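Chemist:
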Amino acid sequence: MDPIVAASLLANRRVAWVVADCSFTVTAVVDPDGLLSPSGARIDVSLLDAVPELIGSEADLDAVFAGQINRLELQFVEREDRLGVPIYLRLVVVAADRPPNATALYCVFEDVSELGVSRQRLMQSRNELLLAQRSLAETVADLKASNGELRRLTDMKSVFLSVAAHELRTPLAVISSYADLLAQGLVGDLESRQLQSVEVIHDGAQRLLQITDNLLDMTRIEAGRLELVLQVLDAGELIASIVDEQRPLFQQSGQRLSIALQPGLSNALMDELRATQIVVNLLSNARKYTPAGGSVDVVLSQAADPSELLLTVSDTGVGIAPEDQPEIGTWLFRAKSANQINAKGVGLGLNITRSLVELHGGRFWFESTPGQGSAFHVTFLAADPEPVED
Ligand code: ADP
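When we follow the numbering used here, the leftmost residue of the sequence shown carries the number 14, and every step to the right adds one.
Next comes the structure, spelled out in structure tokens:
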């Protein structure tokens with residue numbers, strides 16, 4: 014190669030070379046940057062002592078000498094420089110003169126430490142990535158297994174609840190109706206103390222029936238088996254009739270109950286039975302969590318979004334502490350305020366109410382201030398009146 018070209022190629026590169034003769038004895042060492050200094054690269058020693066990295070490659074060295082292969086290359090030879098700092102060298106072994114008449118072997122070293130360190134870091138990162146991938150795969154597998162187990166347990170819970178509720182429902186209905194017969198005197202007159210006991214039995218059975226019905230609804234909702242029969246209904250008329258039915262209960266509890274229907278409301282898309290359940294749940298909660306002397310207001314209006322009707326049931330009751338509010342409507346949750354006033358309940362009603370509202374395509378939310386009261390809001394989809402058939 015032209016010496017000028019060679020010099021420009023070598024400029025800024027840290028290189029060293031060792032020359033060996035045909036008996037693989039070192040005849041020259043050129044090492045201006047001290048790349049090989051701590052090693053035994055000296056004239057007259059064997060090439061394998063001077064460059065121990067070549068041990069095991071003797072056959073390849075012979076092949077380079079004989080011109081059977083052009084070069085022998087070792088990519089990252091690890092050495093230390095004269096200060097003991099680890100360095101990476103690329104080693105290329107070529108024959109001097111034209112094989113097969115070669116007279117010497119040149120072992121050329123180039124300092125590729127930057128590349129070597131980057132490669133080392135890359136390998137380390139790759140190893141860390143592999144470890145992370147493996148641990149991620151294990152976590153995913155664990156999660157899948159836990160998910161499967163959770164699904165199995167949830168299914169078992171639903172089946173158990175549904176079977177238990179079904180089995181309880183019939184005897185409870187029998188107890189309730191017999192207690193009712195007794196209370197009405199249809200199977201003979203009762204003394205007042207007997208009558209009181211029978212009424213306690215009737216109320217207890219009714220409460221248990223309510224719980225079993227809620228459990229059945231919940232398992233149906235969870236299993237996606239609760240289907241609504243949606244009709245175009247006059248929501249105002251439906252809600253007013255429910256309020257009228259409930260009014261005596263509010264009178265018994267010493268609470269005022271008012272209803273306001275915005276005039277000219279559109280109809281709503283409702284399942285009559287389930288929409289009634291929603292309204293009754295909200296009213297019975299308002300009654301349960303409002304002390305005597307308080308009031309409950311029912312308002313039905315057009316929502317800000319004209320495709321919705323907004324029903325609000327507000328009360329002047331115990332309210333719900335801010336820290337309890339995010340949990341309201343979740344399975345079996347009861348706020349502290351409910352326990353403080355010893356109100357009976359199990360924390361199923363609002364969970365079902367919210368699901369029923371969502372099945373109607375509506376929304377559910379509330380605001381509450383402890384000691385001042387709560388306002389529960391639900392929306393129903395507005396519907397145009399059905400065309401009258403001739
Ligand atoms: P339950 O009334 O059987 O406990 P719900 O699911 O109907 O169950 O209600 C869940 C909880 O939400 C109640 O326990 C109560 O703490 C709170 N809550 C519901 N409605 C009201 C209300 N109108 N005023 C205050 N708290 C309420």
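Even glycine gets a Cβ: it sits at the ideal position worked out from N, Cα and C.
Since this is a predicted model, take the numbers as computed values, not measurements.
The ligand ADP and R347: does the residue's C-beta get closer than 7 Å to at least one heavy atom of that ligand?
Modeler: The residue you call residue 347 lines up with position 334 of the sequence shown. Indeed, a heavy atom of the ligand ADP lies less than 7 Å from the Cβ.
Chemist: Look at F379 and I354 and say whether their C-beta atoms are less than 8 Å apart.
Modeler: Position 366 of the sequence shown, counting from 1, holds the residue named residue 379. Position 341 of the sequence shown, counting from 1, holds the residue named residue 354. Not in contact: F379 and I354 (Cβ atoms no closer than 8 Å).
Chemist: So which of A115, D124, A117 has the shortest CA-CA distance to P99?
Modeler: On the sequence shown, residue 99 is found 86 positions in, with the first residue counted as 1. Nearest option by C-alpha distance: D124.
Chemist: What I want to know is whether the C-beta of V359 ends up closer than 7 Å to one or more non-hydrogen atoms of the ligand ADP.
Modeler: Along the sequence shown, read from residue 1 onward, the residue named residue 359 stands at position 346. Yes.
Chemist: Heavy atom of the ligand ADP less than 7 Å from the Cβ of S320, yes or no?
Modeler: The residue you call residue 320 lines up with position 307 of the sequence shown. S320 Cβ: outside cutoff for every heavy atom of the ligand ADP.
Chemist: Would you call S138 buried or exposed, if buried means 16 or more other Cβ atoms sit within 10 Å of its Cβ?
Modeler: Position 125 of the sequence shown, counting from 1, holds the residue named residue 138. The residue in question, S138, is exposed, as its Cβ has fewer than 16 Cβ neighbours within 10 Å.
Chemist: Is the stretch 201-209 in contact with the stretch 164-173, if contact means three or more CB pairs nearer than 8 Å?
Modeler: Short answer: they don't touch.
Chemist: Please list, in chain order, all residues of the same chain as I214 whose beta carbon is under 6 Å from its beta carbon, the five residues on each side excluded.
Modeler: Start at 1 with the first residue of the sequence shown, and residue 214 comes out as number 201. Closer than 6 Å at the Cβ level, and outside the excluded window around I214, lie A192.
Chemist: Nearest CA to the CA of V121: which residue from L369, A41, T152?
Modeler: Taking the sequence shown and counting its residues from 1, one reaches residue 121 at position 108. Ranking L369, A41, T152 by Cα distance to V121 puts A41 first.
Chemist: What residue ranges within the stretch 53-130 form continuous alpha helix (DSSP H) runs of no fewer than 4 residues, ordered along the chain?
Modeler: Counting only runs of 4 or more, we get 60-63, 71-78.
Chemist: Where does V32 land, buried or exposed, given buried means 16+ other C-beta within 10 angstroms?
Modeler: Within the sequence shown, the letter at position 19 stands for residue 32. V32 should be labelled buried.
Chemist: Look at the alpha carbon of A24 and the alpha carbon of Y119, and state the distance between them as a whole number of angstroms.
Modeler: Numbered from its first residue, the sequence shown carries residue 24 at position 11. Numbered from its first residue, the sequence shown carries residue 119 at position 106. Going by the C-alpha atoms only, they are around 19 Å apart.
Chemist: Please classify S387 as buried or exposed, where buried requires at least 16 other C-beta atoms within 10 Å of its C-beta.
Modeler: Reading the sequence shown from its first residue, position 374 is the one you call residue 387. Under this definition S387 is a buried residue.
Chemist: Is it buried or exposed for T183, if we count other Cβ within 10 angstroms and need 16 for buried?
Modeler: Counting from one through the sequence shown, the residue named residue 183 turns up at place 170. It counts as exposed.
Chemist: Cα separation between Q133 and L102?
Modeler: Residue 133 sits at position 120 when you count from the first residue of the sequence shown. Residue 102 sits at position 89 when you count from the first residue of the sequence shown. So the two alpha carbons sit approximately 13 Å from each other.
Chemist: Using the Cα positions of P383 and G330, report the straight-line distance between them to the nearest angstrom.
Modeler: If you number the sequence shown from 1, residue 383 lands on position 370. If you number the sequence shown from 1, residue 330 lands on position 317. So the two alpha carbons sit approximately 8 Å from each other.
Chemist: Could you round the C-beta distance between V242 and L270 to whole angstroms and report it? I think they count as a contact, below 8 Å.
Modeler: Here residue 242 refers to the residue found at position 229 when the sequence shown is read from its first residue. Here residue 270 refers to the residue found at position 257 when the sequence shown is read from its first residue. About 29 Å separates the two Cβ atoms, so there is no contact after all.
Chemist: Roughly how many whole angstroms lie between the Cα atoms of T325 and N227?
Modeler: Locating residue 325 in the sequence shown gives position 312, counting from the first residue. Locating residue 227 in the sequence shown gives position 214, counting from the first residue. Going by the C-alpha atoms only, they are around 22 Å apart.
Chemist: Threshold first: 4 residues or longer. Then list the alpha helix (DSSP H) segments lying entirely within the stretch 192-243, N to C.
Modeler: Fully enclosed alpha helix (DSSP H) runs of 4 or longer: 205-235.
Chemist: Look up M283 in the DSSP assignment and give the residues it is bridged to.
Modeler: In the sequence shown, counting from the first residue as 1, residue 283 sits at position 270. Partner(s): Q244.
Chemist: Determine the extent of the beta strand (DSSP E) in which S387 is found, giving its start and end residues.
Modeler: For this step, residue 387 is matched to residue 374 along the sequence shown. Run containing S387: 386-396, per the beta strand (DSSP E) assignment.
Chemist: In angstroms, rounded to a whole number, what distance separates the CA positions of F393 and S189?
Modeler: Walking along the sequence shown from the start, residue 393 turns up at place 380. Walking along the sequence shown from the start, residue 189 turns up at place 176. About 34 Å.
Chemist: Mind checking which residues open and close the beta strand (DSSP E) that includes I272?
Modeler: As a working mapping, residue 272 is identified with position 259 in the sequence shown. 269-274 is the extent of the beta strand (DSSP E) around I272.
Chemist: Do V256 and V312 have their C-beta atoms within less than 8 Å of each other?
Modeler: For this step, residue 256 is matched to residue 243 along the sequence shown. For this step, residue 312 is matched to residue 299 along the sequence shown. It is not a contact, given that the beta carbons lie outside the stated cut-off.
Chemist: Using a threshold of 7 Å, is the CB atom of A12 nearer than that to any non-hydrogen atom of the ligand ADP?
Modeler: A question about residue 12 goes unanswered here, because the residues of the chain that appear run from 14 up to 403.
Chemist: Can you check which of these residues, D284, G362, R95, is closest to T225 by C-alpha distance?
Modeler: For the purposes of this step, residue 225 is identified with residue 212 of the sequence shown, where counting begins at 1. For the residues D284, G362, R95, the minimum Cα distance to T225 belongs to G362.
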